[in-house]
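Heads up: the protein sequence lines correspond to chains P and B, in order. Each number in our numbering comes from the position in the first sequence (counting from 1) with 720 added on. Each number in our numbering comes from the position in the second sequence (counting from 1) with 18 added on. Positions of the beta carbon are idealized from the N, C-alpha and C atoms, including for glycine. Computed from a prediction, not measured in an experiment: that's the story for all the values here.
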Amino acid sequence: MEKVLTRNISPGKAPTDIAAYEANGGYSALRKAMTVMSPDDCRQVISDSNLRGRGGAGFPTGMKWSFVPMGDKCSPGHKYLVCNADEMEPGTFKDRLLMEFDPHQLIEGMILSAYCIGADISYIFIRGEYVVAIERLRAALADCYARGYLGENILGSGYKLEMHVHPSAGRYICGEETALINALEGKRANPRAKPPFPQVSGLWGRPTIVNNVETLCNIPHIIDRGADWFKGLGVGEDAGTKLFGVSGRVKNPGCWELPMGTSVREILEDHAGGMQDGLQLKGFLPGGGSTDFLTRDHLDLAMDYNVIGKAGSRMGTGTMIILDDKTCPVGMVLNLIRFFAHESCGFCTPCRDGLPWSRQVLEDIENGRGKKEDLDTLEYQIKYIGAIGNTHCALAPGAMEPLQSALKYFREDFEHHISGRACPYRSVGGS
Amino acid sequence: MPTIYIDGQAIEVKQGENVLEACLNAGMDLPYFCWHPSMGSIGSCRQCALVQYQNEEDTQGRIIMGCMTPVSEGARFSLKAENATEFREAVVESLMLNHPHDCPVCAEGGECHLQDMTVMVGHRDRRYTGKKNTHRNQYLGPLIHHEMNRCIACYRCERYYKDYAGGKDLGAQASHDHVYFGRHEEGILESEFSGNLVEVCPTGVFTDKPFLKQYSRKWDLQSAPSICHGCAVGCNIAPGERYGKVKRVHNRYHDEVNGYFICDRGRFGSGYLNSKLRLDYSGIKKSDGSFLAVHQKQALETAASWISGKKVAGIGSPRASLEANYLLREMVGKNNFSAGSSDLEATLVGSILSILQTTTAVNPSIKKMETADAVLILGEDVTNTAPRVALALRQAVRNKAFELAEQMGLPLWQDAAVRNLAQDNLSPLIIVSAMDTRLDDISSNSISLAPHEIATFGRAVAGALNGEKTDDPDVISTAEILKNAKNPLIISGSSMGSQDVINSAVEVAEAISKPETMLSFCVSECNSMGSALLAQDGGVSLADIIKRAPKLDALIVLENDLYRRGKRSEIDQLLDSGIKIISLDVYENRTLDGSHLVLPAASYAESQGTLVSSEGRAQRFYPVHSPSHERLQSWEWLLELAKLTGNKKLSKLENLDDVVSTCAKDNLALKKIVDVAPKNSYRSSGSKVPRQTHRFSGRTAIHSDVSVHEPQQPKDHDSPLSYSMEGLNRDQPASLTPFVWSPGWNSNQSLQKFQSEVDGPLKGGSSGVRLIASSSKGSKVFSESEEFELKAHQWHLVPAHQIFGSDELSAHTEEMAELAGRGFIAIGQKVAEKLGVKQGDGLLVQHGDVRCSLEVKVLSRVAKNCVGYSVGYEETQELTPGCLVSLQVDKDWRRTSPEVIASDKTALGHIASDGGGAYG
């Protein structure tokens, strides 16, 4: 398979600097766009490519951009492009790889994307703990300004763009695009009510696009090589390649670039090396901590947005967390709910007060204090907290996904905790 | 008007409103927390959930939030669907996770919106078995008590305090279920409108601290519709009384005046009513200077003997009712009556009145002021001189935001979205003042000029509007802004003591030559405008009375401390002139000390009467409780006295209605005051309107500590209100609504059941009558600049009015006095450096033979050659606006400790005695 996003990245290889990036065709897409393509042309190519957002929701990128008012339809003032590099989804570590080892790919993608929507200011809102990435991105930005890829009159085209790296003060919720915007403005990182969407009223009330790192990294390649080429990369329904990751008790946890539509089995067995000896696969979260469990029955599914969606989960970030048969599913869900309850911004009631309630019920069950009615309470909470629209943003419904699917697939485990008044896994040497 | 369907019922709704508003307007009970009619929606509490269906076939539907969903033609909702009711119950169940079960000891109990909503959704049994989160409480000053554990994180406090009222020092902190609403550290809340937190908070996090010290349940309070006597704005208030004490003051909604909010002077400034320094009995001065307490009858007879057939003059008061002032004037005759303001103030307010009667500009209500898209303030520090108006101006500057939102098709109730869109875009507010004002933070241009220069600036702007050329960029930009505005508003007032400033404001307003132009003036006292209206019909100056005093036999002073009106030497001379001085007042003061007969006047909370606000709105206030001890309402004293002295005209009058109608007949400008409120004979569903709630407890035993015999309820012969729990508090005219309550709605949120529609006028109409009709004549003001010559080391003395401290009576309230601090002299940074003083040091201020030692306050901007002084303080009593003073460092000055301010010291003690709180 052809490596696209990671073509400059290999284990053991030094991070790609601007010279190496350019030597391998870097910034040629930018040159092409600045010389022969209008923003409209570029947007059309992205629309045609069927690129979908790699941050988790899988929203078509071209469509997202199409809501940005262009030309006369836009009131005078700034427009913004923001890169969402606040990678905090449990089990997810793909954007870090891209930023640490090939920062220019992201920057080129951002310049092109900003050009597409007519933005003149852009920010990389990056997780504060990613100190190496922050350092490398800042160095790369300096190189770009020096070469005329950023600043006034980029490559003589008359287009101007400034770019800033903004390390996050550190909350999971900052990954929600409107909370991220509030954080950038220096406000509490609470998500905003939509509509209005950021495309029309975002950062400082101006049109704003927020895209994930991996999404933006795809842009130079699509501009360079066209929509048809990109669509051809996928082996299933969706276009392009994807960084897939696996964590959990597998032989070879890691992150690989593979075609969209690669089967779960191939990722798990060929790339992650299968389960560690003596362990069986019990279930897996296909796309991070806020996706529903799937089980061994789903191993042959293609990792495509719609396919995984139909199976009752979400592709999310494409980085799987594996649950083995010696690890307590109740404990795992409790750990996740604990995380999400702690990361609630505290704005809306079901999330702020509902998640700690779920956490308390799960703590009771996991610690042998569970009651029969607790499972009904959990079902009640899932109905209350779990539906999009019941809450202000998607955090709490996301948090309910592993819980509701665990109750569906591993209900016996919950019942054994309650009837046995203890966690059965603790006696068999599990976690 | 679109039609929507709620549980199959078709209701007509207003285009552009949201579903929650539509439900409330239709009289449905849909629970909510975070939404507020004047602050719009943010969708945080998720309490107002309904199910919305795609169409008639859709039986599943999906949960939506009523407050975040605009109505649209044909939309179908259900309030009763099981998933909606279950969801709303779940919201309350989760809010209750950490809420303490302290209702029996919580000050909010019985008027708690959370209690109401909990009952409404039917939540009863808690399933949560974990520990509750607890918080530390903060000391927030003498007015507001903080109890964070009760918080349900609806974000209303933060949105009110920061977004609506412009406060900077209270907000949301921390996250998840540890969200905390408070200050960054303990300390006195800075906003002059902090008291509204008490009513904005849906539960007991922010409660009325002075009320806690003498607490009663809402249902045990006897209330009456009243008008705030704290300033001239005329906010509607509802004081609550029990055991003869006014325990607290709540806002009383008036859609055109105060809306949902009043200032902290209005809410907390009535503590003096319960003071031991109130007058309870009449007193006749003995030869040794002390007073002999006498009964009403003897006092009246004594007074009558002093004035019958004698030469008598009267001094009225701008803080007494129109009726009392009128009766006094009738008794002594117009030529012997002074309205009682200082002569300067009387002249200024008189001129403001005639300006308002003749100007082409609109004289706006407060609600109308909120529509201004450009504001020019000449001379006033509105937050300190007409506080509620300042809160309205904070909304007016948001018109830019609303304009942007409308361009985008965003509903204006989408509060967070509108704010995010508009960011720092504000409509222009230009403040021209001698020094810092409390609205500087939202002004587009704050210009520091001495009073006479303010007038010059105003005239220059008027000139520029009339096409005159000028080089001053501030003048050019101000004229440009006003010219381009749709609804420009000019505000000035009497607080600078300058006729010239007032005149220049009129010139600007009329130069804009646009029919929408608004012109508003701040005046000093609750009935300044009423006094001016009476004075238009005749009267003499205070100076005239003082001059003629030796030729008089007696002088009657109505609710007036004359030492606040004129020079000490002159008032001393007046009181010592050998004539009999008869004074009526509510609270001890120096004028009473100098009188020969003092009559205890009922306070505003024990009286009925009419006040005329700065916009010329006549409004009626009613007694909350019958006068205690031997007090009588001032108009009653005067009427009794008139009868005893055989005044033919006044002897015929029986009750207040008679006084009002005679007053209306005698004064053309006041003829409409008969329509201000219903007559005494009005009955609602056959009975008087009760001042007590139907749950009022202990009625038969309330005085059992004195006597076990059940006393008769006091009678109110002068109003359609009764001291009783019998009758209906419903459907009567708005001016007769003593409190709000509706079945299931025990909190102040029951107000919506009294409004004709959400945020609209009360069902009983907007109370009060505007007496000043606008005209199209145009004012003829003629102004010329006053010239000043300053010697070296001399400064213009400019009045700095203070919300806490400048008003005579409210300043006697303990909490107000604490916030007022000491009288001060305000100087700029440069002057401070030149004199070598810092904030808190002392300066000797000298003007002729007047010398006073004052605390230094250093301001960020002060006009050149100007210094400010705190108005109405004991220490600054001898200072007058506009005089020239010299300043000198006071070597003997002792600073109060800079680390701990007085209030913090009390707080430390207070918290310790509470046995809890942050220091516990």
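Check                                                                                                                                                                                                : Outcome
At a Cβ cut of 9 Å, what residues of the region 1073-1090 of chain P count as close to chain B, listed as they run along the chain?                                                                  : D1073, G1074, L1075, P1076, W1077, R1079, Q1080, V1081, E1083, D1084 and R1089
Can you confirm whether V197(B), when its beta carbon is compared against all beta carbons of chain P, has any partner nearer than 8 Å?                                                              : yes
Would you check if there are 3 or more beta carbon pairs closer than 8 Å linking the region 628-648 of chain B to the region 353-360 of chain B?                                                     : no
Run through DSSP, which three-state label would H928(B) get?                                                                                                                                         : Confidence in H928(B) is poor, its pLDDT being 42 and thus under 50, which makes the residue's placement too unreliable to answer from.
Quick check: what's the CA-CA separation for P916(P) versus A503(B)?                                                                                                                                 : 28 Å
Within this structure, are the beta carbons of A1031(P) and G956(P) separated by less than 8 Å?                                                                                                      : no
What did DSSP end up calling Y1145(P) once you bin it into helix, strand or coil?                                                                                                                    : helix
Looking at chain P, is there any beta carbon in it that lies within less than 8 Å of the beta carbon of N673(B)?                                                                                     : no
Output yes if chain P places a C-beta closer than 8 Å to the C-beta of V109(B); else output no.                                                                                                      : yes
Do you know how far the Cα of P336(B) is from the Cα of G664(B)?                                                                                                                                     : 27 Å
Taking the C-alpha atoms as reference points, what is the distance between L789(B) and R913(B)?                                                                                                      : 49 Å
Rank W1077(P), V984(P), S1125(P) and K752(P) by C-alpha distance to the C-alpha of G1038(P) and give the top, closest one.                                                                           : V984(P)
At a cut-off of 7 Å, would you count H1137(P) as near the ligand MG, judging by its Cβ distance to the nearest heavy atom?                                                                           : In the structure shown, the ligand MG is absent, as is every other ligand, since no ligand is present at all.
Give the residues of chain P in contact with G61(B), contact being defined as C-beta atoms less than 8 Å apart.                                                                                      : A913, C1068 and H1112
Specify, as a first and last residue, the run of the beta strand (DSSP E) that M1040(P) falls within.                                                                                                : T1039 to D1044
With a threshold of 8 Å between beta carbons, is S112(B) in contact with chain P?                                                                                                                    : yes
Give, in chain order, every residue of the region 187-215 of chain B whose Cβ lies closer than 8 Å to some Cβ of chain P.                                                                            : A190, A192, S193, H194, D195, H196 and V197
Tell me the start and end of each unbroken beta strand (DSSP E) in the region 338-411 of chain B that is at least 3 residues and wholly inside, in chain order.                                      : 392-396
Taking DSSP as the reference, what is the three-state secondary structure of R727(P)?                                                                                                                : coil
Spell out the partners DSSP gives Q906(B) in its beta bridges.                                                                                                                                       : L862(B)
Could you tell me the distance, in whole angstroms, from the CA atom of K723(P) to the CA atom of Y1025(P)?                                                                                          : 21 Å
Could you say which of R177(B), N73(B) and H153(B) lies nearest to V197(B) if we only look at CA atoms?                                                                                              : H153(B)
What is the rounded straight-line gap between the Cα of E849(P) and the Cα of L817(P)?                                                                                                               : 14 Å
Between which residues of its own chain and L902(B) is the CB-CB distance below 6 Å, once the five residues before and five after are set aside?                                                     : Q812
Give the residues of chain P in contact with G79(B), contact being defined as C-beta atoms less than 8 Å apart.                                                                                      : Chain P residues near G79(B): none, gap ~11 Å exceeds 8 Å.
Report the three-state DSSP secondary structure of S768(B) (helix, strand or coil).                                                                                                                  : helix
From what residue to what residue does the beta strand (DSSP E) around Y1129(P) run?                                                                                                                 : Unbroken run through Y1129(P) is the alpha helix (DSSP H), L1115 to Y1129; no beta strand (DSSP E).
Considering only residues of the region 1012-1086 of chain P, which uninterrupted alpha helix (DSSP H) runs meet the minimum length of 4 residues and lie entirely inside it, listed in chain order? : 1025-1030, 1049-1063 and 1075-1086
Can you tell me which of the three DSSP states K303(B) falls into?                                                                                                                                   : strand
Would W655(B) and L615(B) qualify as a contact pair, given that the criterion is a beta-carbon distance under 8 Å?                                                                                   : no
Under 8 Å, Cβ to Cβ, is there at least one residue of chain P near M57(B)?                                                                                                                           : no
Between S90(B), I821(B) and Q432(B), which lies nearest to M57(B) when the distance is taken from Cα to Cα?                                                                                          : Q432(B)
Return the first residue and the last residue of the alpha helix (DSSP H) that R270(B) is part of.                                                                                                   : Taken as a continuous stretch (DSSP letters only), R270(B) belongs to no alpha helix (DSSP H), as it is neither H nor E.
For C803(P), which three-state DSSP category applies?                                                                                                                                                : strand
Please name the residue, chosen from G886(B), R840(B) and V558(B), that lies closest to G846(B) on a Cα-to-Cα basis.                                                                                 : G886(B)
Can you tell me whether N873(P) is buried or exposed? The criterion is at least 16 other CB atoms within 10 Å of its CB, across all chains shown.                                                    : exposed
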